[in-house]
């Protein structure tokens, strides 16, 4: 399964915002000391074949899809690009 398919599946099947808050998109981040950042799914506006469009704090951030490492629900990895 591709990243776009995994993200869309979650966005379209999870109906309640409270449930969607349990999901996080993990992306590589060279600025972060950990080397990655977690983005709540409630901040994802949309996704296409190349980018994830994130809207948090009244800012729009465009993240290249190749930077997505995994998707986490609570503390469990439900999608891992490397597997």
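Numbering (full-length UniProt numbering), first residue to last: 1 to 83.
From the three backbone atoms N, C-alpha and C, an ideal C-beta is built for every residue, glycine too.
- Item | Residue of 19, 12, 81 and 40 minimising C-alpha distance to residue 66 | Comparing C-alpha distances from residue 66 to each of 19, 12, 81 and 40 shows the shortest one belongs to 81.
- Query: Which residue spans inside the UniProt domain "MJ1316 RNA cyclic group end recognition" (1-81) form an unbroken beta strand (DSSP E) run of at least 3?
  - Reply: Fully enclosed beta strand (DSSP E) runs of 3 or longer: 23-28, 36-40, 44-47, 51-56, 59-64, 68-73 and 76-80.
- Task: Starting from the C-beta of residue 56, find all residues in its chain whose C-beta is less than 7 Å away, skip the five residues before and the five after it, and write them out in chain order.
- Result: Cβ neighbours of residue 56 beyond the five flanking positions: 43.
- Message: Check this for me: beta carbons of residue 68 and residue 25, under 8 Å apart or not?
- Response: Contact check for residue 68 against residue 25 passes: the beta carbons are separated by less than 8 Å.
- Item | Same chain, Cβ closer than 8 Å to residue 51, neighbours up to 5 away in sequence not counted | Closer than 8 Å at the Cβ level, and outside the excluded window around residue 51, lie 62, 63, 64 and 65.
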